[in-house]
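So for the sequence shown, full-length UniProt numbering puts the first residue at 1; every next one is plus one.
Note that beta-carbon positions come from the ideal geometry of N, C-alpha and C, so glycine has one too.
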Amino acid sequence: MIQPGLERISLLLKHTQARTLHPWKAIHVAGTNGKGSICANASALLRRANVRCGRFTSPHLIDRWDCITIDDVPVKHKLFREVEDSYLQYNASEGIKASEFEILTATAFDIFGRENVQVGVVEVGMGGRQDATNVLQAPLVTVISKISLDHQSWLGNTIQEIAREKAGILKPGVPCVVDHTNDDAVKNVIEAVAKEVGAGPILYTNSIDNEMATFPGWGDIFDSILPHQRVNTISAYLAVRQTLESLGLPKLEATEVAPGLKDVVWPGRLQKLQLDPIIKTDTPILLDGAHNADSARVLGDCVNERFRQNSESLQEWADARSYPDASFVTWILAVTEGKDAEEILRPLLRPGDTVMTVEFGPIEGMPWVRPMDSYKLLQAARTVCDGIAVERSFGKELVAALLQANYFACHVDAHKLMPSPNRPIVIAGSLYLASDILRLQRDYDPTDEHVIKQRNGYKRFLSFQVPYESDEKDSESDYDPEGDSSPKRGASSRGRGRGRGGRGRGRGR
Numbered sequence: 001m002i003q004p005g006l007e008r009i010s011l012l013l014k015h016t017q018a019r020t021l022h023p024w025k026a027i028h029v030a031g032t033n034g035k036g037s038i039c040a041n042a043s044a045l046l047r048r049a050n051v052r053c054g055r056f057t058s059p060h061l062i063d064r065w066d067c068i069t070i071d072d073v074p075v076k077h078k079l080f081r082e083v084e085d086s087y088l089q090y091n092a093s094e095g096i097k098a099s100e101f102e103i104l105t106a107t108a109f110d111i112f113g114r115e116n117v118q119v120g121v122v123e124v125g126m127g128g129r130q131d132a133t134n135v136l137q138a139p140l141v142t143v144i145s146k147i148s149l150d151h152q153s154w155l156g157n158t159i160q161e162i163a164r165e166k167a168g169i170l171k172p173g174v175p176c177v178v179d180h181t182n183d184d185a186v187k188n189v190i191e192a193v194a195k196e197v198g199a200g201p202i203l204y205t206n207s208i209d210n211e212m213a214t215f216p217g218w219g220d221i222f223d224s225i226l227p228h229q230r231v232n233t234i235s236a237y238l239a240v241r242q243t244l245e246s247l248g249l250p251k252l253e254a255t256e257v258a259p260g261l262k263d264v265v266w267p268g269r270l271q272k273l274q275l276d277p278i279i280k281t282d283t284p285i286l287l288d289g290a291h292n293a294d295s296a297r298v299l300g301d302c303v304n305e306r307f308r309q310n311s312e313s314l315q316e317w318a319d320a321r322s323y324p325d326a327s328f329v330t331w332i333l334a335v336t337e338g339k340d341a342e343e344i345l346r347p348l349l350r351p352g353d354t355v356m357t358v359e360f361g362p363i364e365g366m367p368w369v370r371p372m373d374s375y376k377l378l379q380a381a382r383t384v385c386d387g388i389a390v391e392r393s394f395g396k397e398l399v400a401a402l403l404q405a406n407y408f409a410c411h412v413d414a415h416k417l418m419p420s421p422n423r424p425i426v427i428a429g430s431l432y433l434a435s436d437i438l439r440l441q442r443d444y445d446p447t448d449e450h451v452i453k454q455r456n457g458y459k460r461f462l463s464f465q466v467p468y469e470s471d472e473k474d475s476e477s478d479y480d481p482e483g484d485s486s487p488k489r490g491a492s493s494r495g496r497g498r499g500r501g502g503r504g505r506g507r508g509r
């Protein structure tokens, strides 16, 4: 469960301080959106500057220990379990009653010391002021990314209240990098808190636009990423520049910045995917962990630019294939229970889109996190978008959702019920769903009984589809009976396939 406060983490870290550890310094990152990408970019730039760095971000992506990296490589499972077990035992023996996240934070900090890290890039778990990571007393620099409404039940119901919680990581005499695109109300709060605690200076990201424009290769990076990603990249650069200066290390030369950033990948954020052998398709698939209204707006803008109305961007992104009408999108969505689903879905959905809702699985180390019921999520989609062409809820049957999404995306115009070009598939709504997708991609086993059950359900679904009759006689009008390949062109769905009966969990009837 979530337990804000620093008392328990402070007691846990006495266990760490009892050992002789290499001291490490911190870059501490708070905010609502963009924290993870800032951390990833900062780590990459530190490595470029030959600084041994650790990174602690949450939640984990696929395995619980991948939230802790050394020089961008996840720590070994054996080391993670060894250190975590020591804190679990210490927590029990001392009666500290620490939360799972507090034990994870202590584990990360301990591993940084064991691995002789010079700088640890640490992402706040939630909020800032009472977050376990705020036990850091003297970071070299703090960073505050874009702030928006999220976790209101814990952080406050207004943007100002949330900003004050996140500004709680500011420390006396410590510089703070701030995303300049934040609302004025947010910046006013941050500046007020900085004055109260004696932090500073505040470094806004637009303060070095002209300088970075002169960096060799920066223009290529700037042109290849979205506006919010540019700001996150600048935040990381400013934080690393300040860190190197504070450590008395040589500054990162302008010629090193672009090479240090060009290969940074942050999985689950605007990530292009191939899901073979789960589904074999040429359809563009985009995976994004957008999980609040602000990040959903960013994703919606990206989808509109890349995919809708047959933009040139879509053709470039999808290997220059021809898509005569790419205005419809096939969505696979999950949302965490307690989130405002309508606010997340509103910037994403448009009439004619196909919507498949699912539920992510249990989160190791975070038993309090649960998915919204997929049928309730489907109802929220109907509320915000009148005119969804095909809608189905699948519960936890993720493979079934992928198969049917591919069916409707690849060869069936869900709006006109006739053969059509490939529609993009976008998987979004939760970082936990993104994790499930990436884990499924890595561990997919076609002989697993749950996979077999879902693939058999897909075969039954195909048996209810009616071949589309055209003037052309095409042998491709038959389906692969095993359902292992994309449905062949020349088939259409009978009716709208709304899947309302019996909650429609993957039955496709």
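Backbone secondary structure at residue i - three-state DSSP
i, result
"E100", "helix"
"W331", "strand"
"I62", "coil"
"C53", "strand"
"T69", "strand"
"A290", "coil"
"A409", "helix"
"V451", "helix"
"R321", "Annotation note: pLDDT 38 at R321 (below 50); position unreliable, no value reported."
"I363", "coil"
"A194", "helix"
"I38", "helix"
"A428", "strand"
"I388", "coil"
"G300", "helix"
"Y444", "coil"
"F461", "helix"
Residues bridged to residue i (per DSSP)
i, result
"A30", "I144"
"S393", "T357"
"P371", "T336"
"P347", "In the DSSP output, where bridge partners are listed per residue, P347 has none listed."
"K25", "V119"
"P74", "T69"
"V399", "Bridge partners of V399: none, in fact."
"I9", "In DSSP, I9 forms no bridge with anything."
"I279", "Bridge partners of I279: none, in fact."
"I285", "L273, I425"
Contact check, residue i vs residue j, beta carbons under 8 Å
i, j, result
"A290", "E343", "no"
"A106", "L12", "yes"
"F285", "V399", "Residue identity check: residue 285 is Ile in the sequence provided, not Phe. No, Cβ-Cβ distance for I285 and V399 is not below 8 Å."
"V141", "A239", "yes"
"D131", "V124", "yes"
"V75", "W65", "yes"
"V178", "I234", "no"
"residue 510", "A258", "Because the chain is modelled from 1 through 509, residue 510 falls outside the range shown and cannot be assessed."
"P201", "F307", "no"
"L45", "G300", "no"
"N232", "S37", "yes"
"A26", "P172", "no"
"residue 512", "R48", "One cannot answer for residue 512 here, as it falls past the ends of the chain, which runs 1 to 509."
"A185", "Q160", "yes"
Below-8 Å beta-carbon distance, residue i vs any chain D residue
i, result
"E100", "The displayed structure is made up of one protein chain only, and chain D is not part of it."
beta-carbon residue i near the ligand NAD non-hydrogen atom, thresh 7 Å
i, result
"N91", "Within the structure as shown, the ligand NAD is missing, as the structure has no ligands at all."
Straight-line gap, residue i to residue j (C-alpha atoms, nearest Å)
i, j, result
"D478", "S463", "Confidence at D478 is low in this model, with a pLDDT of 36, below 50, so the placement of that residue should be treated as unreliable; the coordinate-derived value is given next. For D478 and S463, the distance between alpha carbons rounds to 11 Å."
"A98", "M372", "27 Å"
"G31", "S86", "31 Å"
"V358", "L378", "9 Å"
"G95", "L431", "32 Å"
"P324", "I388", "Model confidence at P324 stands at a pLDDT of 41, short of 50, so the residue's coordinates are unreliable and nothing is read from them."
"L203", "R370", "38 Å"
"R8", "Y90", "12 Å"
"S148", "R297", "12 Å"
"T181", "L287", "25 Å"
"E84", "L104", "7 Å"
"L275", "R455", "15 Å"
"L79", "P175", "34 Å"
"P367", "E253", "45 Å"
"V451", "K146", "39 Å"
"F461", "R346", "29 Å"
"V51", "V117", "8 Å"
"V335", "R241", "37 Å"
"D445", "I437", "13 Å"
"D353", "D386", "10 Å"
"L6", "N304", "43 Å"
**Asked** Which runs of the beta strand (DSSP E), 3 residues or longer, sit entirely within the segment 105–192?
**Response** 119–123, 141–144, 176–178
**Message:** Extract the residue ranges of the beta strand (DSSP E) inside the segment 201–272, only unbroken runs of 3 or more that lie entirely within it.
**Reply:** 202–204
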